[in-house]
Every structure is written in structure tokens, then in C-alpha cells.
Amino acid sequence: MEEGMDEQRTDIATVLLYDERCCTGCFICEVTVLCYIAFGLSPCAVMWSSPLLLSLTSVFGLLGLALITLALATDSWTDYQVNRREIINAMNRNTELNARLKDNVVRNPLYFSRSYGLFLVCFSDAVPSDIGSFSKFGSPCIWNDDYHPSDAAYEKYDSLQTYRYYAMWGAAILYLLGLVVFIICSVFGMIGCWRRSTKIVLTTALLMLFSVMFLAGSMACWHLVNYLERHVLDMPPFYKSWEPILKQGTRFSYGWSYVVSWVGIAFILLASTFMLLSYKKIKEEEERAFEAKHGAYMMPNYYDKSSAMLPYGYGTYGGYPTAYPAAYYGQYPVGTGYYGYMTYGR
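Numbering of the sequence shown is given in the working numbering, commencing with residue 492 and proceeding in unit increments.
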């Protein structure tokens, strides 16, 4: 009884597994695959099927899209925690330091705990005076002015500052471009999956790889900017020009938005890999279906004489014509009569 139920369950799974109506983003198909695993069906058959690969593409693609969008919308790529109490106590002990920094601890953003996003700078507790901040998700933020320096400030840039300026814009543009390309990929992927078109599926996979390249290029530019700011540039307001007391009282760390962005890029790379595997698997399934449908018409249609050879003279080739008795020929008139059109009246 149990063996019969197992065979029936396997047959149903096989039929559903190669159903052409299964596509990425289809909740029913994903639940079906999970049911296969829950019922203990063959993992190899489930693992290498196109519906499962397309479902994995949709899952990792949607997760990647959500994560890179979340990283763009939030502003915790790098965090600077400033111990203002330690700095103020040092100023109270040193009158010269107090005279030099009394205005900075009130107005300069470097002396406040803050977090940087791609476009904004947000403050976690205290806010500099007269900075023109606005609230975002309950946190006071300002726009990063380094994207739009004044003409006078830009003319004073050296080559390294110019590299940093263009790298900042490159990071922002490549990130947005990668996000837009992946959104287009999602639309193409749904169309290609619904039609089970290998050309559209392959195009979607390649566009996903381009999206990963854009996003990875954006992160490379972002790291270049961060490296220049902390280890190369020695003019204000960069790290090497800070006061020693500010360096001692500031703790730098990468924020959770930075981690989320890398995880999202990794998920998109996995989605593109699964899409390429889906393209290969769909082609194999189409070839198997074509061979199963047209195999009977492609069989050889000739007589195999080697397997059914008969003795010579046994009538294999029809033999000689049959001889009739002489009386059989006498029943017809023998002569030179003509049956042309001139004899119709006879």
C-alpha cells in the first residue's frame, strides 16, 4: 500500500515538475517544489528542474532588489562616533586648545557623531548649530555638499581631490544605473518565464550580470573615495588634517547599510547564475520533449534484408510469369483487325 502511494506521489511530482506553466515568481510553483522536498521526493529531480531554478532566481532577485534599494534609502554606510565629552574636558584643561576649538565643537559637523549615506549626512544625537538640517525617519540630516562644491572651492582642488570628486559621482551614478538595469531585468524575466522563451531568459541573465557589474563598480568607486579621505588627502576637512584630540575621540566603523548593499549584490549575482542555469535546463527539456514527440517519425524506414534473407528462387523477387493453356488464347479472334475510328460502323 505504501509503495503504491510512493509511486503515485512520484508520478504526480514528475508531471508537475516539468509543467511548462511553472514560472519564476509563481507562488504555486515554489510551494509545489517545497512540497516535493517535504514529502521526501527525489532531491536530484527537484534540484535540476527549470521551475525550481526559475523560482530560486525570483527569490534571490527580489531579495537582492529589496536590499540594494534599502541600502540606497538609508544612511548608515559609514559611522563616526565622536566622544564629545572627552573633547570638551580636554578643552577645559587647555586654554589654547579651547580658544582654537570653541567654535568647531558648536558648528563643525566633524565634532558630532554622524553617519554617511550616498547622498546624506545624518546625526544621531547632537546637531551642529545653523546647519540647515531636516528630518528623515526621525533623524536630522543634511545633504552632502561635496557633490556640489562652489566654483571657488573647485578651482582650488588638486588632482587627488578631483579624482575623489569624480569617484563620488561615479559611485552614485553606477549604483543608480545598476538598480535601474535590474528593474528592467525583472520585467524581462517575468515575460521570458511566462513564455518560456530561451532567448528572453538568456537576455535577462546577461542583463543581470551587467547590473552586478554596475553595482560592483559603484562599490569600487565608493571604496576609493573612502580610502582617499582617510589615508591620502591631508587638507581640511579630511582625516589626516584633524586635531589629535579629535582623532583620539572619534571611532570609525562601516555601517549596516554598507553590509546590506554587498549582500544584495551577492543575491543578484546568485539570481543571474540561476537564470543562466535555467536557460540551459529549459533548452534541454525542450530538446527532450521534441525527441519524445518526433522520435517515431525519425526512425529508419527501409527493409532490412540481412535479417530476413530468403533462398534464391523461392519467389523472393516475384518469380516468372504464369503460363496459361493454349485453349485460353483461342477464345479471342486472331487476325489483323483494327479497332480504330474507321471500324465503328462494322
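Note that the Cβ used here is the ideal one computed from N, Cα and C, for glycine as well.
A quick note: this is a predicted structure, and the numbers were derived from the prediction, not measured.
Asked                                                                                                                                                                                : Found
Determine the DSSP secondary structure at Val-618, reduced to helix, strand or coil.                                                                                                 : coil
Going by alpha carbons, who is nearest to Ala-842 out of Trp-733, Val-550, Leu-715 and Asn-599?                                                                                      : Past the edges of the chain, shown from 492 to 837, lies residue 842, and the structure says nothing about it.
With burial defined as no fewer than 16 other Cβ atoms inside 10 Å of the residue's Cβ, what is the status of Ala-564: buried or exposed?                                            : exposed
Short of 6 Å in beta carbon distance, which residues of its chain neighbour Gly-596, apart from the five on each side in sequence? Order them along the chain.                       : Note on residue identity: the sequence assigns Val, not Gly, to residue 596. So the list reads Tyr-602, once near-sequence residues are dropped.
Do the CB positions of Ser-567 and Ser-763 come within less than 8 Å of each other?                                                                                                  : no
With Leu-558 and Val-751 assumed to form a contact (beta carbons below 8 Å), what rounded beta-carbon distance in angstroms separates them?                                          : 5 Å
I'd like to know if the stretch 544 to 554 and the stretch 759 to 776 are in contact, where contact means that at least 3 CB-CB pairs between them fall below 8 Å.                   : yes
Measuring CB to CB, does Asp-570 end up less than 8 Å from Ser-732?                                                                                                                  : no
Given a cut-off of 8 Å, decide if Tyr-638 and Leu-719 are closer than it, judged by their beta-carbon atoms.                                                                         : no
Look at Leu-667 and Val-703 and say whether their C-beta atoms are less than 8 Å apart.                                                                                              : no
Quick check on the DSSP output: what are the complete beta strand (DSSP E) runs of length 3 or more inside the stretch 582 to 647, in order along the chain?                         : 605 to 607, 611 to 614, 625 to 627 and 630 to 634
According to DSSP, simplified to helix, strand and coil, what is Ser-549?                                                                                                            : helix
Leaving out five residues before and five after Pro-728 in sequence, what residues of the same chain have Cβ atoms less than 7 Å from its Cβ?                                        : Leu-601
Excluding the 5 residues preceding and the 5 following Ile-578 in the sequence, name in chain order all residues of the same chain whose CB lies nearer than 8 Å to its CB.          : Leu-592, Val-596, Tyr-602, Ile-736, Leu-737 and Gly-740
Mapping the DSSP letters down to three states, classify Thr-689 as helix, strand or coil.                                                                                            : helix
How big is the Cα-Cα spacing for Trp-634 and Arg-598?                                                                                                                                : 16 Å
Can you list, in chain order, the residues of its chain with a C-beta nearer than 7 Å to that of Ala-656? Leave out the 5 residues immediately preceding and following it.           : According to the sequence provided, residue 656 is Tyr. The question's Ala does not apply to it. Around Tyr-656: Tyr-648.
Can the beta-carbon of Ala-663 be found closer than 8 Å to that of Leu-609?                                                                                                          : yes
Keeping to the same chain, check which residues put their C-beta closer than 6 Å to that of Gln-572; ignore five residues upstream and five downstream.                              : Ser-604 and Arg-742
Return helix, strand or coil for Ser-744, following the three-state DSSP convention.                                                                                                 : strand
According to DSSP, which residues form a beta bridge with Gln-572?                                                                                                                   : Arg-742
I think Arg-575 touches Ala-643, with their Cβ atoms under 8 Å apart; what is that distance to the nearest whole Å?                                                                  : Not quite, the Cβ-Cβ distance comes to about 31 Å (not below 8 Å), so this is no contact.
Which of the three DSSP states is assigned to Val-703 in this structure?                                                                                                             : helix
Run the CB neighbour count on Asn-717, radius 10 Å, all protein chains shown included, and call it buried at 16 or more, exposed below.                                              : buried
When you compare only the Cα positions, how much space is there between Gly-746 and Ala-780?                                                                                         : 51 Å
Kindly list the residues whose CB is nearer than 7 Å to the CB of Ala-707, restricted to its own chain and excluding five residues on each side of it in sequence; keep chain order. : Ile-756
What distance in whole Å lies between the Cβ atoms of Cys-676 and Thr-695, which are believed to be in contact at a cut-off of 8 Å?                                                  : 5 Å
In three-state terms, what does DSSP make of Trp-733?                                                                                                                                : coil
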